[in-house]
Structures are given as structure tokens and as C-alpha cells.
Amino acid sequence: MSTASEHAGEAALSICEALLLAMNDHGVLPEHEIVGVLRDAAATHENAVGTDHETENHRAVADLINAIIAGGNSVRRP
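See below:
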């Protein structure tokens, strides 16, 4: 069962993805800069410290961001 927090996270991800796509479509940010933003976000979570539970959550977030990069979801590719 999904929680309100999970729904908020999914909404935030969708909004951010749409913004990244729009910035690329309108020439505001090139693809390599968008990928750089995503890599920076992943690195922040990969290097986060905290309790075992917090570290596990950060690792899951980093894995998700890295999957987005690998899947090319953040940019439109011909």
C-alpha cells in the first residue's frame, strides 16, 4: 500500500523529470548538463552518512537516480 510520502516522492520525480525535459527541449540545458545534475544528485546520496536505515534509504535513492541516467529518461533521444 502506498503512503502519502510515496505519492509525494513520485509527484516530485515526475515534476523534476518534466522540468529537465523542458529545459533540454528549449535549449536551456544541454543533455550533458542534465546528466551532470543527475550524477551530482546521485553522488550526494551515495556519500550521505547516517544510521544504517538512513544510509540504506540514500543508497536506494542513488540507485534510482543512476537507473534514470542509464535509461535515458531525463532527456529525449531520437
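Position 31, counted from 1, in the sequence shown is what our numbering calls 32; the numbers after and before it change by one each time, with no gaps.
The beta carbon of each residue, even a glycine, is placed where N, CA and C say it ideally should be.
Fair warning: this is a prediction, and the values are worked out from it, not measured in the lab.
Candidates the options, of which the one nearest residue i by Cα
i          : options        : result
residue 60 : 48, 69, 71     : 48
residue 71 : 36, 51, 13, 17 : 36
residue 38 : 10, 51, 11, 69 : 69
residue 73 : 54, 10, 22     : 22
residue 42 : 14, 29, 26     : 14
Per-residue DSSP class, three states only, for residue i
i          : result
residue 63 : helix
residue 52 : coil
residue 38 : helix
residue 45 : helix
residue 73 : coil
Residue interval of the alpha helix (DSSP H) (run including residue i)
i          : result
residue 27 : No alpha helix (DSSP H) contains residue 27, which DSSP labels as neither H nor E.
Residue i versus residue j - alpha carbon distance
i          : j          : result
residue 24 : residue 7  : 26 Å
residue 28 : residue 17 : 16 Å
residue 19 : residue 12 : 11 Å
Notebook entry, point to check: Is the region 33-49 close to the region 63-75, with three or more CB pairs under 8 Å?
Noted result: yes
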